Amino acid sequence: MTTPPRSLDRLIRPRSIAVFGGKEARRVIEQCDKMGFAGEIWPVHPREDEILGRRCYRSVADLPDAPDASFVGVNRALTIEIIRDLAACGAGGAVCYASGFREAASELADGKDMQEALVAAAGDMPIVGPNCYGFINMLDGALLWPDQHGMLRVERGVAVLTQSSNIACNISMQTRGLPLAYIMTAGNQAQTGLSDIACAVLEDPRVTAVGLHIEGFDSIEALERLATRARDLRKPVVTLKVGKSEAAQLATVSHTASLAGNDRVSSALLARLGIGRVNTLPELLETLKLLHLHGPLANADVSSMSCSGGEASLMADAGVRRRVNFRALREEQRQPLKESLGEMVTIANPLDYHTFVWGNRDKQTAAFTAMMKGGYALNLIVLDFPRRDRCDATDWATTCEAVIASASVTGAAAGIVASLGENMPEETALSLMAAGVVPFFGIDEALAAVETAAEIGAAWARPAPPPLLKVRAEAGDAVTLTEAEAKVELLESGVEVPRGKTAATAEEAADTAEALGFPVVLKGLGVAHKTEAGAVKLNLASRDEVYAAAEAMAAVASGYLVERMVARPVAELIIGAMRDPVAGPVLTIGAGGILVELLDDSAILTLPTTERAISEAVDSLKIRKLLDGYRGGPKGDVAALTRTVAAAASYVVSNASMLDELDINPVMVLPEGQGAIAADALIRRRK
Numbered sequence: 001m002t003t004p005p006r007s008l009d010r011l012i013r014p015r016s017i018a019v020f021g022g023k024e025a026r027r028v029i030e031q032c033d034k035m036g037f038a039g040e041i042w043p044v045h046p047r048e049d050e051i052l053g054r055r056c057y058r059s060v061a062d063l064p065d066a067p068d069a070s071f072v073g074v075n076r077a078l079t080i081e082i083i084r085d086l087a088a089c090g091a092g093g094a095v096c097y098a099s100g101f102r103e104a105a106s107e108l109a110d111g112k113d114m115q116e117a118l119v120a121a122a123g124d125m126p127i128v129g130p131n132c133y134g135f136i137n138m139l140d141g142a143l144l145w146p147d148q149h150g151m152l153r154v155e156r157g158v159a160v161l162t163q164s165s166n167i168a169c170n171i172s173m174q175t176r177g178l179p180l181a182y183i184m185t186a187g188n189q190a191q192t193g194l195s196d197i198a199c200a201v202l203e204d205p206r207v208t209a210v211g212l213h214i215e216g217f218d219s220i221e222a223l224e225r226l227a228t229r230a231r232d233l234r235k236p237v238v239t240l241k242v243g244k245s246e247a248a249q250l251a252t253v254s255h256t257a258s259l260a261g262n263d264r265v266s267s268a269l270l271a272r273l274g275i276g277r278v279n280t281l282p283e284l285l286e287t288l289k290l291l292h293l294h295g296p297l298a299n300a301d302v303s304s305m306s307c308s309g310g311e312a313s314l315m316a317d318a319g320v321r322r323r324v325n326f327r328a329l330r331e332e333q334r335q336p337l338k339e340s341l342g343e344m345v346t347i348a349n350p351l352d353y354h355t356f357v358w359g360n361r362d363k364q365t366a367a368f369t370a371m372m373k374g375g376y377a378l379n380l381i382v383l384d385f386p387r388r389d390r391c392d393a394t395d396w397a398t399t400c401e402a403v404i405a406s407a408s409v410t411g412a413a414a415g416i417v418a419s420l421g422e423n424m425p426e427e428t429a430l431s432l433m434a435a436g437v438v439p440f441f442g443i444d445e446a447l448a449a450v451e452t453a454a455e456i457g458a459a460w461a462r463p464a465p466p467p468l469l470k471v472r473a474e475a476g477d478a479v480t481l482t483e484a485e486a487k488v489e490l491l492e493s494g495v496e497v498p499r500g501k502t503a504a505t506a507e508e509a510a511d512t513a514e515a516l517g518f519p520v521v522l523k524g525l526g527v528a529h530k531t532e533a534g535a536v537k538l539n540l541a542s543r544d545e546v547y548a549a550a551e552a553m554a555a556v557a558s559g560y561l562v563e564r565m566v567a568r569p570v571a572e573l574i575i576g577a578m579r580d581p582v583a584g585p586v587l588t589i590g591a592g593g594i595l596v597e598l599l600d601d602s603a604i605l606t607l608p609t610t611e612r613a614i615s616e617a618v619d620s621l622k623i624r625k626l627l628d629g630y631r632g633g634p635k636g637d638v639a640a641l642t643r644t645v646a647a648a649a650s651y652v653v654s655n656a657s658m659l660d661e662l663d664i665n666p667v668m669v670l671p672e673g674q675g676a677i678a679a680d681a682l683i684r685r686r687k
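Numbering (full-length UniProt numbering), first residue to last: 1 to 687.
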């Protein structure tokens, strides 16, 4: 799917709705009536004369006009006929409720054929599904939805899209105060995928942000269009992508595939596009609340206040697990905080303000205002509410009023966090949202929202990325180049390699070593895992040592590579590339040498990349501490490493159609100013 279907505007914002079928179609009418849909609804049934007080039509041909939207709730064979008739009359689009198409191909032999017939029948008329519930539009009260839901009409809000109808039902029942403008399902995305539906809802000026619950990307091109449009409209998109899978391509000759599994590539892809990613449904909803009110954050600087040291500790510990920053207070904040809270309160962030000002709106307002003047991206107040059926919540309401007043006076973004989500009543959450204060259900969820909103903000602050590299792989068998052949190609692309030469016999290897100068390293050619096979010997200091080593590995080697030994590095890294089935060629960098198996320390770069992205990836690695001169050690040549990664990326881009895999391990990063050298390399490519 490389081009979007016809506009979805009529389908998702209809003025007329046709419904086909029995009880499911009846429920669609009931839901539209219940939510106050102001347009026309036309039931179509072969035998009924009327449904819910509306005249029934016998077929598409009998309808008074071409409907903007249609809910087709009949069997799969009849669905195809109706879709064909709707497309012919110029209808705006349809929801296909029936199952038994591609999603059932393993059970029904004709499932794939039926889906192809459905898409052909639709032509350029948009269809959603099949095997889906449809959608809910709470801005206009238009529901092509055959079931209950928990939503209310709103004037503006977020859209949540999912492949799963049951997940959509669950989200519709949320009591977190999130204003839901649209709930939409896509089923098996026969023609129209989630990304294209998301693009359509983004265009609604009443939509503030979009959340996607996805199992797999329907189209990279559509996802890129969505990211571009979201950035243009300044409407953020956040995803919950499920279905973590194994590496896209299992490679027996390198480490690259094990470092770059599909799920990690997905994260890198979303980060490149400026689309946020969360891990749970609660995180998705809490993040959408923050984005609805305040959009992406300029950074991840957060303040936290609570009337309990226990809550302050919970917040601080949760921050360790997140990329958030409880930045120290500014000096000008300290005195106002002391004046409002008293001398016995330790002024810090997170801040435990004790209970000295509990119930005192003026002093709480003064304290909250002083904190909110600190220039934080978001200011959080931890506040768990009492049970309303057993307790008096007056003082908690006072605290809410103080937070609202402080946010209003300072113009700062603020949120109230219930450490236990169930401790915040829905009525409180709704009133806080109406006042512009985010009601967060859970500390971890609140900080996940901050982290995600800050990542989107950082992505939008950077120049928009170039289109992803999209190159079809050449046909043919893959071959593995010898290390010597691989290094010749990499050297031509700008990757520095050790000075060396190949030799056919042990005698030639010894002669070559003398010509290069000692010490040298000797490697056996044609061996995949050299260390395990005994096909690599380091620090050989004489002709006799080289000859003896070559004789010892003659049984496993087809020849030899003799190279000058590289000086002791500051750190060893790996640079790898592989072909992901979704994102195409991707580059991996991480801790190399023997540390590949020992450390989970790598970053993925989608291609083409930039020097800035490479630098950020290097900075994200744990091994960066070694490169910075760990415990008084020498600093590594990070600039040379960056150039080496860029050269490897350039090689991958230039050879994208032929390359199956690249593995440079280790890259020896020498002390500052001395370079970075590819000590070993492997290339697999098509003939």
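Where is the CB? At the ideal position from N, CA and C, for every residue including glycine.
Only a predicted model underlies this, so the values are computations on that prediction, with no experimental measurement involved.
- The beta carbon of V403 sits closer than 7 Å to the beta carbons of F368, I381, A414, I416 and V437 from its chain, once the five residues preceding and following it are set aside; these are given in chain order.
- In the DSSP assignment, D660 falls outside any alpha helix (DSSP H) and within the unbroken beta strand (DSSP E) covering L659 to V669.
- Secondary structure of F37 (DSSP, three-state): coil.
- Here R13 is buried. Its C-beta has 16 or more other C-beta atoms within 10 Å.
- Going by C-alpha positions, A377 is about 6 Å away from A300.
- By the neighbour-count criterion, in which a residue is buried when 16 or more other Cβ atoms sit within 10 angstroms of its Cβ, R499 is exposed.
- Selection W358, P425 and K373 evaluated against D389 yields P425 as nearest (Cα-Cα).
- Cβ contact annotation for G517 (same chain, cutoff 8 Å, sequence separation greater than five): R564, in chain order.
- DSSP places T280 in the coil class of the three-state scheme, outside both helix and strand.
- R225 is a Cβ neighbour of S195, given a cutoff of 8 Å.
- DSSP places Y133 outside both helix and strand once states are collapsed to three, so it counts as coil.
- The secondary-structure analysis by DSSP pairs K23 with nothing; it has no beta-bridge partner.
- Per the Cβ contact rule, the region 183-200 is in contact with the region 212-225 (3 or more Cβ pairs under 8 Å).
- Partner residues in the beta bridge of R54, as assigned by DSSP, are I51.
- One alpha carbon belongs to L468, the other to I275, and they sit about 15 Å apart.
- Leaving aside the five residues that flank T410 on each side, the residues in its chain whose CB is nearer than 7 Å to its CB run, in chain order, T369, M372 and K373.
- Leaving aside the five residues that flank E311 on each side, the residues in its chain whose CB is nearer than 7 Å to its CB run, in chain order, V382 and S419.
- DSSP lists I214 as the beta-bridge partner residues of K241.
- DSSP places R685 in the uninterrupted beta strand (DSSP E) bounded by A681 to R686.
- Cβ atoms of A209 and H292 come within 8 Å of each other, at about 6 Å.
- Taking all protein chains shown into account, E24 has 16 or more neighbouring C-beta atoms within 10 Å of its C-beta and is therefore buried.
- At least 8 Å separates the beta-carbon of V479 from that of K235.
- Taking all protein chains in view, the Cβ of G584 is crowded by 16 or more other Cβ atoms within 10 Å, so the residue is classified as buried.
- Within the model, the alpha-carbon separation for T399 versus K289 is close to 20 Å.
- The Cβ atoms of V238 and T452 sit closer than 8 Å to each other.
- Annotation note: the region 513-569 contains the following uninterrupted beta strand (DSSP E) runs of length 3 or greater, listed N- to C-terminal: 520-524, 536-540 and 560-564.
- Straight through space, the alpha carbons of I136 and E116 are spaced by roughly 27 Å.
- For the pair A649 and V667, the CB atoms are not nearer than the 8 Å cut-off.
- Residue pairing of N325 in beta bridges, as defined by DSSP: D301.
- By the 16-neighbour rule on beta-carbons within 10 angstroms, V488 is exposed.
- Spatial neighbours of D444 in its own chain (CB-CB distance under 7 Å, excluding positions within 5 residues in sequence) are listed in chain order as A318.
- The Cβ atoms of G590 and L621 lie closer than 8 Å to each other.
- Remark: C-beta atoms of A617 and G457 do not approach each other more closely than 8 Å.
- Within the same chain, and ignoring the five residues on either side of A142 in sequence, the residues whose Cβ sits closer than 6 Å to its Cβ are P14 and F37.
- Annotated three-state conformation of L468 is coil, per DSSP.
- By the neighbour-count definition (other C-beta atoms within 10 Å, threshold 16), Q148 is an exposed residue.
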